[in-house]
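Its first residue numbered 61, the sequence shown is counted upward by one per residue in our numbering.
Each residue gets a CB set at the ideal place from its N, CA and C atoms; glycine is no exception.
No experiment lies behind these values; they were computed from the predicted model shown.
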Amino acid sequence: MTVPVLTFFNNKGGVGKTSLVYHLAWMFSVLGHRVVAADLDPQANLTSAFLPEEELEVLWDQPSSAGNRTIYQCVQPLTDVGDINDPEVRQITPNLFLIPGDLGLAGFEDSLSQEWPSAIAATSPRPFRLLTAFWQVLQRAARAQSANVILADVGPNLGAINRSALIGSDHVAIPLAADLFSLQGLRNLGPTLARWRKDWQDRLARAPPQLPFSLPAGTMRPAGYIVMQHGERLSRPVQAYKKWTDRIPGVYYSDILGAPGSEQPIDSDPACLAKLKHYRSLVPMALEARKPIFHLTAADGAIGSHLYAARDAGQDFTKLALKLLSVMGLPSAPEQRPDR
Ligand SMILES: Nc1ncnc2c1ncn2[C@@H]1O[C@H](COP(=O)(O)OP(=O)(O)O)[C@@H](O)[C@H]1O
Ligand SMILES: [Mg+2]
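Pasting the structure below:
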C-alpha cells in the first residue's frame, strides 16, 4: 500500500502554492487525517512557515543534532555511492508532520537531470533509485507516522527536481491567479504534465526486473484548479479579474485535461475547487503567530472583524479540503483506528 501524494503545482510563482499546502496540511489534520507535508521547493518557504528561524538554523547548519532531516539530507547520499537516509520528520501536531526543505536541494538537480535519459535503457537500479528518491522518502515518512495522505509543495519551474516530484504525485492541484501570466503558465503546464506522464510510463515499461524497491505510478491526475482572488495588482478593476477567470475553464479543459469544448462557466465548473479570498492583514498575523489563519485568536491580534474573517477562512478551507479529499477518493474523516 502506498500513501497518496497530492502536489500543488504551477510553474508561475506567487500564486499561493505554499500558503495552500500549509493551510490544507493543517486543515486535513484538523479533520482527523494524519498528514505528511513535504517541502520539495529548494526555496524552503513551506518550512519557514512551519518553523521559526532559530530552528531552521539548527536544522540546516547542524543536521546531526537537529533530530530531524531535511529532504536533501535524506537524498544527498545518492549523489555519491550511498543509499537514501531514512527521513526523521518534524512533528508539528499529533497528526501533522513536516519533511523540512533545504536550500541545498538545488544541488540535487544535476543528478536528476543526468539520470532521466539513463533510465530509459537502464540495466542497474541506480537511475530509478535517484529519480524516485523523493517519492521513496515521502512514503517512508508516511509509513513511519501511519500517515494517510501526503501534501507536497514545489518551486515554480519545470526543472528536473519538479519532474521527479511530479512522477511521485498521484494528484496535482493547480493554484492560479486571474491574470495573463497564470493563463499562459497553464498552457505550458498541460503539455509538460502529459510529457512527463508518458516519459515516465516509457521508463516504467523498460525498468529492470526485480528492482529492490517499488516505483511510483506517476499518475499526476489533475485534481482541479484554485483561483486566488488576490493578485499583485490589487487595484485592478473587477472586469479585468472577470475577463481572466472567464477564460480559465477553457484553457484548463483543453490544455490540462485534453478535452476541449467541454468547459463550463467557472462558477459551475467542478474543476474549480475554490476561488480563494484575499485574507489581507490575517496573512501577516498568521505568519507572525506561525499558525494557520483559521486558528488565529484575539491573543494573536485577530479582534472584531478579523476574528470573523478568520472563522470564515476556516469554512473556506474546510470546504476546499473536503473537495480535495473527495477528488482523491479519501473519506472526509478517516475511521478511528483502535490500534493507535
Ligand atoms: N489567500 C491569500 N490572501 C492573502 N495573501 C495570500 C493568500 N495566499 C497567499 N498569499 C500571499 O501571497 C504571497 C505568495 O504566496 P505563496 O503561497 O508564497 O505563493 P507561491 O508558493 O505560489 O509562490 C505570499 O506573500 C503569501 O503570504
Ligand atoms: Mg512557494
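**Message:** Spatial neighbours of GLU292 within its chain, please: C-beta separation below 6 Å, excluding the five flanking residues on both sides.
**Reply:** Only weak support exists for where GLU292 lies, its pLDDT of 44 falling under 50; the value from the coordinates is given anyway. So no residue of the chain qualifies.
**Asked** Any residues whose CB sits closer than 5 Å to a heavy atom of ligand 2? List them in chain order?
**Response** That gives LYS77, THR78, ASN105.
**Message:** Quick check on the DSSP output: the beta strand (DSSP E) that includes ALA237 runs from which residue to which?
**Reply:** That run of the beta strand (DSSP E) goes 231 to 237.
**Message:** Tell me the rounded alpha-carbon separation between GLY224 and GLN324.
**Reply:** For the record, residue 224 in the displayed sequence is Ser; it is not Gly. Roughly 32 Å between the two C-alpha positions.
**Request:** Go to ASP99, then tell me how far its alpha helix (DSSP H) extends in each direction, as first and last residue.
**Result:** ASP99 -> not in any alpha helix (DSSP H); beta strand (DSSP E) instead, spanning 95 to 99.
**Prompt:** Should MET280 go down as buried or exposed, given a rule of 16 or more other Cβ atoms within 10 Å for buried?
**Reply:** MET280 is buried by the Cβ-count criterion.
**Asked** So is GLU113 buried or exposed if we call it buried at 16+ other beta carbons inside 10 Å?
**Response** Answer is exposed; the Cβ neighbour count stays below 16.
**Prompt:** Roughly how many angstroms lie between the CA atoms of THR192 and LEU158, to the nearest whole one?
**Reply:** Going by the C-alpha atoms only, they are around 19 Å apart.
**Prompt:** Touch check for the segment 217 to 232 and the segment 266 to 286: three-plus C-beta pairs under 8 Å?
**Reply:** With a cut-off of 8 Å, the segment 266 to 286 and the segment 217 to 232 count as touching, because enough Cβ pairs lie within range.
**Every unbroken beta strand (DSSP E) within the segment 61 to 108, with a cutoff of 3 residues, ordered by chain** = Complete beta strand (DSSP E) runs here, min 3: 65 to 68, 95 to 99.
**Asked** So, LEU403 versus VAL63, is the Cβ gap smaller than 7 Å?
**Response** The chain is shown only over 61 to 400; residue 403 falls outside these bounds and no answer can be derived.
**Prompt:** By DSSP, does ARG371 sit in helix, in strand, or in coil?
**Reply:** Helix at ARG371.
**Asked** Less than 7 Å separating the beta-carbons of ASP315 and ARG266?
**Response** No; because the gap between Cβ atoms is not below 7 Å, this pair is not in contact.
**Request:** In the DSSP assignment, find the beta strand (DSSP E) that holds MET288 and state where it starts and stops.
**Result:** Unbroken beta strand (DSSP E) run through MET288: 281 to 288.
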